[in-house]
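Below: the structure, in structure tokens.
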Amino acid sequence: MSLNLEQKKAVVAEVNKQIAGAQAVVLAENRGIGVSEMTALRVQARKSGVYLRVLKNTLVRRAVDGTAFSDLANEMVGPIVYGISTDPVAVAKVLNEFAKSNDKFVIKSGAMPNKVMSASNIEALASLPSREELLAKLLGTMQAPIAKFVRTLNEVPTKFVRGLAAVRDQKPA
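Going by the working numbering, the first residue of the sequence shown is number 2, and it counts up by one from there.
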């Protein structure tokens, strides 16, 4: 079913809004993918906070025109799934994991603001730890010196109590 002019303008505006806040866009070719497989991909993308759509390339070209992702317009050829996210690792992980389990789904390229990436760059980005993992590691690193300081402070009264207990045990009741 084709879209009328107002619907096309609405799609361009929606994609432009998503692109405006995005840190990464990934393009993947989806020839011959079944409906159930695409539904599973959409569910996974939604869980990860990734905007995932199959759109007309001309509409997306209009949406990215004049943005930091305008260099990606040359890559928009053929049936493409667009993954857009504020977390570059999340979009790369979701689409890369799906591509590993599905031979017909091929990652073509992607972009971060003002930088076009190849499929191998997307794969390397997908191998990075997620934002949550990095924050947990940072918090652990920041907590370690404080925890060690508290254990050190706690050791003085603990040794004193052990010494008192040893003296008590040595004396006859």
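Glycine residues also receive a C-beta, built at the ideal position from the N, C-alpha and C atoms.
Check, Outcome
"Give the secondary structure of residue 69 by DSSP, where H, G and I count as helix, E and B as strand, and everything else as coil.", "coil"
"At 3 residues or longer, and completely inside the segment 105-140: list those beta strand (DSSP E) runs for me, N to C.", "107-113 and 116-119"
"What is the rounded straight-line gap between the Cα of residue 28 and the Cα of residue 142?", "36 angstroms"
"What residue range does the alpha helix (DSSP H) around residue 20 cover?", "6-21"
"If residue 65 and residue 71 are in contact, beta carbons under 8 angstroms, what's the gap, nearest whole angstrom?", "5 angstroms"
"Just the Cα atoms here: how many angstroms apart are residue 30 and residue 22?", "24 angstroms"
"Tell me the start and end of each unbroken beta strand (DSSP E) in the segment 25-68 that is at least 3 residues and wholly inside, in chain order.", "25-30 and 52-55"
"Per DSSP, which one or two residues make a beta bridge with residue 86?", "25"
"If we define contact as Cβ-Cβ less than 8 angstroms, is residue 162 a contact residue for chain B?", "Among the chains of the structure shown, chain B does not appear; only one protein chain is present."
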